[in-house]
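Visitor: What follows is a structure written as structure tokens; I'll ask about it next.
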Amino acid sequence: MFRARRIWVTALAVLAMAGGSPGLAQAAPPSDARPTAAADDDGGLPPGWRITGGGDARQLVWRSTAPVAMGDARVDFYAGDRLLGHPTPGKDGRTYRLDLERAQVAGQLTDLHIRAGGRQLDAAGRTETPRGRSAAAAAQPPAPLPANSVDPGKPGSYRTATGEYDLDPVKLPGFPEPVEMRAVVVAPKGATGPRPLALFLHGRHSTCYKGDDVTGDWPCPAGTKPIPSYRGYLRDQQLLASQGYMTVSISANGINAQDYAAEDGGAQARSSLVRQHLARWADWAAHPASAPAVVRNAPKADLSRVLLVGHSRGGEGVNRAAMDSLYPAPAAQDGYHGPVRWHIRGTVLIGPTIFGQNPVADVPSATILPGCDGDVSDLQGEVFVDGTRSVSSGKALHSAVYVVGANHNFFNTEWTPGQAQAPSDDDFYNDPEHRDPVCSPGTATRLTANQQHKAGSTYIAAAARLFVAGDDRVRPLLDGSGKRAPSADPARVLTHAVGANRGGGFLPDGKFTVTGGRLCSAVDPDNHVACLGSGAKGASPHFAQWETEREVGRRAVALNWSAPGSAVKLRPGTPVALTGSKDLALRVIVPPNSTGTKLDVSLTDTHGKRAGLGRVRVDGLPGTGRTASYWAREVRVPLTAASRAGLDLKHVKSLELTPRSTKGQAWLMDAWGWRPGTPAVREAALPRVDIGRTTVKEGDSGVRTYQVPVQVSGQGGGQVRVYVVDPATGKTKQHLVTVRPGGHDIDVPVQVKGNTRFSYDVDNTVLVKAVRGAVIGSYRGGVTVENDDPMPTIGVTPVADRVAEGQPLKWKVTLSEAADVDIYPYFVVQPVTGGPELSTKDVDPAWLDSVSGETPDPERPLSQVKYLTLFAEVPAGKPSAEVSLPTVKDQVTEPAESVRFQLTDDNGNPQPGGPVLSGTVLDAS
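In our numbering, the protein residues as written are 1241 to 2165.
Listed below in structure tokens is the structure:
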């Protein structure tokens, strides 16, 4: 994985980035592989980017000048808005490599950049995001909300006992090394009867340490210690245990060290690990004498009442565990094959990833969104709320809990400086020269580590009390009712929700007509279609990008007005029923730092009767260009005025929003009939879809057709949206499919044409999302076509290898036969075998800077310039290409000087006996 220094104080000066954690780094050539090919007039790659290797080992590589902390957000390579793929991290903590599997990708490597969690990592020397520099004015936190009637953050009456267990490791599919079965247990002392169980799973973090050094190895090398990330939730466990819960926090270092190769980022592996632990707890409940001492001496766990708590990738992992417990995964990809002897009543997801955008609609959830998250900085966890709408019955509550001023790491004490055993840092990078007015330490809105952790503990306990204990009195803390838990003070915590006692939704994702406003798309490259264009300062969790350049059916309503009174009318495809509802609840986004946006709300029934409900006011969250603060506030208006006016609430035809502010912007995510209470949740019997991947050989002739492997299990029928990615362009085509267990409704054939010319592996990828009445397990798969033809051999002939200074040296690079893809032979500089050598002052300084980042001074032989290479680009179908080295004419009398470059092997080293570019430059005088 990687090896890096701890805090990287000096390195962080070049790591200010869109979301904050180390990553916005200057690109630089690597120390462990082939030198870089930088941008030049011949169309090379940008600084820090290079193509390495040959044949099937060809890779696109980027290297940062400073270590990039191991985090939870997935690292992606992009060419413009096109996702190229998910690179593999190197052991140095700086280098990322992507196998170039798609046959025609080489000619389209323009506007290369690297992203993680919505932030750009390779914006050299910048301290601002692509969306604009942070505002300079100091931000102020929102006003405190009224206190709730009960405060779940108060410790309970039980004293607690703490201990650990360490069982034999388990083997998980696709992971070479076994994964540990280690955990810390905090139990209530003196509690009688079976107690509900809360299981915690940490996220992706460094795995081993020694002094100030950290690595991502597993098992930990001799002389290093495992980083105890699983002990980072002891305060949360102690609070829950004091209230009568059994708690366990499990270690997942073995997954963190190996999930870079997993197509789903390790979600299935984490689910398997969670269920392996739950199975042990079920065994121990049935046979207490077999339990470890810490479990044996504690109250019996009640496995019918389980809460799962996951941080970052651990959040996606516990979501998958909830799914796999209801809708079993395909046996070949699952690491647990026993019976399900537990019932998951809810999940808490802290700054989670959701690469698959596949939440479990029928398991209640509370998603904590840290306003200053510098790791998963796009706050993609909002999809755990938005992505459940209309998928199932809608009875499960799905809450988003936005914590102003919280970062990603400080919810875990083992990731918190001053509290952790191992090296740790603040993931939101603070640039001393450009302090962020919301998230830099010491601002009015930024929380301290202890304040943040206390708020997290309180809202974890709130979810436990609502989902597991069924105490509806804590619901107003989670469902957008605008109450606060004093135990979380001074944190400002805001919530909104979908599900539970909401019904009759105005949901822009379906059939919907808008007049006076704009129906916009959450993800679209066209600024006129997208809800939040590229010029916005900051981002929106609601519009976090997935793996496609655009999405269908994921929408909102955009309002933009320059004078009050311009109404926006929203009309769903079928009338909405609001009978039985107390209020109309709206989720409305307004720009960060804005105040006083006022909207009048009215309804019209199918008989044409119209009733004004009242006026709502919406204020923006504190935000900057580095935060995802375009987040919907939940506001409500009573339906009493509609009832008094005789409106037919069974048949509401349209919703009307009329701005009363002078000018402004707003986005409506949805509107629902709402009433208090938390209904019982009954998990629906749904079909589950899993996309697999198969690998085939290209062959020498003929055309063969292969099917993308798809498994549909479970019960009933549902709708999913299938995206097919063109391997040549990266563009997607989508279609809606109705699926049924055992059926072959998702039919994606891939034609493979065999030949005898060299090409690269081609990755034909298919993605799938649930639309209605279905769940998605493995969301990504396809057919990979392996090249089975040898790489052409490379030869060199001189074109102009003895020239006067000021003239370019030129060589012709020839292939033994043409290939079906562009070929990039690289030649690395070597010392000459005799006589004077060409120096840094004998070549064009602009060329020298572009290919190496070096300057002519001090003058030195070219072979002493690090990372200096020449490369040829031989286009597909062509047998040869020229490569040149520009020289300069000077006034110094010099003898003839030579230069020598040698072809590199797959590892970037000079190829013994390989072709050589050699030339001599003569003095012009």
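We put the beta carbon where it would ideally sit given N, CA and C, even for glycine.
Under 7 angstroms Cβ to Cβ from LEU2108, same chain only, skipping five residues before and after it: list those, please.
Guide: Excluding positions up to five away in sequence, the list reads PRO1275, VAL2069, VAL2091, SER2092 and LEU2102.
Visitor: Assign SER1941 to buried or exposed, taking buried as 16 or more other Cβ atoms, counted over all protein chains shown, within 10 Å of its Cβ.
Guide: Label assigned to SER1941: exposed.
Visitor: Do three or more CB pairs link the segment 1599 to 1608 to the segment 1622 to 1640 at distances below 8 angstroms?
Guide: Result yes; three or more Cβ-Cβ pairs closer than 8 angstroms.
Visitor: Three-state secondary structure (DSSP) at TRP1655?
Guide: If DSSP states are grouped into helix, strand and coil, TRP1655 belongs with the helices.
Visitor: At which residues does the alpha helix (DSSP H) containing LYS1694 begin and terminate?
Guide: Note, LYS1694: alpha helix (DSSP H), 1689 to 1703.
Visitor: What do you reckon, are the CB atoms on ARG1713 and SER1304 nearer than 8 angstroms?
Guide: Not in contact: ARG1713 and SER1304 (Cβ atoms no closer than 8 angstroms).
Visitor: Should ARG1790 go down as buried or exposed, given a rule of 16 or more other Cβ atoms within 10 Å for buried?
Guide: By the 10 Å Cβ count, ARG1790 comes out buried.
Visitor: Flag this pair as touching only if the segment 1736 to 1753 and the segment 1796 to 1816 have three or more C-beta atom pairs under 8 angstroms; answer yes or no.
Guide: Yes, since at least three Cβ pairs between the segment 1736 to 1753 and the segment 1796 to 1816 fall closer than 8 angstroms, the two stretches touch.
Visitor: I'd like to check one pair, PRO1878 with ASP1930: are the Cβ atoms closer than 8 angstroms?
Guide: In this structure, PRO1878 does not lie closer than 8 angstroms to ASP1930 by Cβ.
Visitor: What residue from VAL1964, VAL1454 and ARG1827 has the CA that sits closest to SER1639's CA?
Guide: That would be ARG1827, whose Cα lies nearest to the Cα of SER1639.
Visitor: State the beta-bridge partners of ASP1316 as determined by DSSP.
Guide: ARG1355.
Visitor: For ALA1376, which residues of its own chain have a beta-carbon under 6 angstroms away from its beta-carbon, when the five flanking residues on both sides are left out?
Guide: Bear in mind that the predicted position of ALA1376 carries a pLDDT of just 49, short of 50, making it too unreliable to give a figure here.
Visitor: What would DSSP say about ALA1925, mapped onto helix, strand or coil?
Guide: Coil at ALA1925, not helix or strand.
Visitor: Is it true that the CB of TRP1912 sits closer than 8 angstroms to the CB of GLY1744?
Guide: Against a cut-off of 8 angstroms, the Cβ pair of TRP1912 and GLY1744 comes out as a contact.
Visitor: Which residue from PRO1716, ALA1728 and ARG1553 puts its Cα closest to that of LEU1687?
Guide: Checked all of PRO1716, ALA1728 and ARG1553; the closest Cα to LEU1687 is ALA1728.
Visitor: Using CA atoms only, rank isn't needed, just tell me which of SER1552, PRO1327 and ASP2001 is closest to PRO1592.
Guide: It is SER1552.
Visitor: In angstroms, rounded to a whole number, what distance separates the CA positions of HIS1847 and GLN1991?
Guide: Cα-Cα distance, rounded: 55 angstroms.
Visitor: Touching or not, the segment 1572 to 1584 and the segment 1618 to 1627, by the rule of three or more beta carbon pairs under 8 angstroms?
Guide: These segments do not touch.
Visitor: Looking only at its own chain, which residues have a Cβ that is under 6 angstroms from the Cβ of SER2056, when we skip the five neighbours before and after it?
Guide: Cβ within range, chain order: PRO2032 and THR2033.
Visitor: Tell me the rounded alpha-carbon separation between TYR1963 and GLN1785.
Guide: Approximately 14 angstroms between the Cα atoms of the pair.
Visitor: Helix, strand or coil for THR1400 per DSSP?
Guide: The answer is strand: DSSP assigns THR1400 an E or B state.
Visitor: Going by C-alpha distance, which of ALA1383, VAL1965 and LEU1897 is nearest LYS1809?
Guide: Nearest option by C-alpha distance: LEU1897.
Visitor: Please return the same chain residues whose Cβ sits closer than 7 angstroms to the Cβ of PRO1327, not counting the five positions on each side in sequence.
Guide: Here the set comprises VAL1315, PHE1317, TYR1336, ARG1337 and LEU1338.
Visitor: How big is the Cα-Cα spacing for PRO1384 and ALA1695?
Guide: For PRO1384 and ALA1695, the distance between alpha carbons rounds to 14 angstroms.
Visitor: Suppose the cutoff is 6 angstroms on Cβ atoms and the five residues either side in sequence are ignored; what does the same chain contact list for PHE1440 look like?
Guide: So the qualifying residues of the chain are TYR1473, SER1489 and VAL1549.
Visitor: Counting pairs of Cβ atoms below 8 angstroms between the segment 1849 to 1862 and the segment 1767 to 1783, do you hit three or more?
Guide: The segment 1849 to 1862 is not in contact with the segment 1767 to 1783.
Visitor: Among LYS1540, THR1432, PHE1707 and PRO1459, which residue has its Cα nearest to the Cα of THR1918?
Guide: Nearest C-alpha to THR1918: PHE1707.
Visitor: Any chance the segment 2004 to 2012 sits against the segment 2120 to 2139, with 3 or more Cβ pairs inside 8 angstroms?
Guide: No, the segment 2004 to 2012 does not touch the segment 2120 to 2139.
Visitor: Which of the three DSSP states, helix, strand or coil, is assigned to TYR1449?
Guide: Correct three-state label for TYR1449: strand.
Visitor: Compute the beta-carbon to beta-carbon distance between PRO1436 and ALA1481, rounded to the nearest angstrom, for a pair I have assumed lies under 8 angstroms.
Guide: Going by Cβ atoms, the distance from PRO1436 to ALA1481 rounds to 11 angstroms, so no, they are not a contact pair.
Visitor: So for ILE1238, helix, strand or coil by DSSP?
Guide: In the structure displayed, the chain extends from 1241 to 2165; residue 1238 sits before or after that span and is not available.
Visitor: Just tell me which of GLY1396, VAL2139 and GLY2022 has its CA closest to the CA of ALA1702.
Guide: Minimum Cα distance to ALA1702 is reached at GLY1396.
Visitor: With LYS1450 and GLY1463 assumed to form a contact (beta carbons below 8 angstroms), what rounded beta-carbon distance in angstroms separates them?
Guide: At roughly 6 angstroms, the Cβ-Cβ gap stays under 8 angstroms, so LYS1450 and GLY1463 are in contact.
Visitor: Between GLN1477, ILE1467 and GLN1483, which lies nearest to SER1491 when the distance is taken from Cα to Cα?
Guide: Checking every option, the nearest Cα to that of SER1491 belongs to ILE1467.
Visitor: When you compare the CB positions of GLU2026 and VAL2161, do they come within less than 8 angstroms of one another, or not?
Guide: No, the Cβ-Cβ distance between GLU2026 and VAL2161 is not below 8 angstroms.
Visitor: In this structure, what does DSSP give as the bridge partners for THR2133?
Guide: Looking at the DSSP assignment, THR2133 forms no beta bridge with any residue, so it has no partner.
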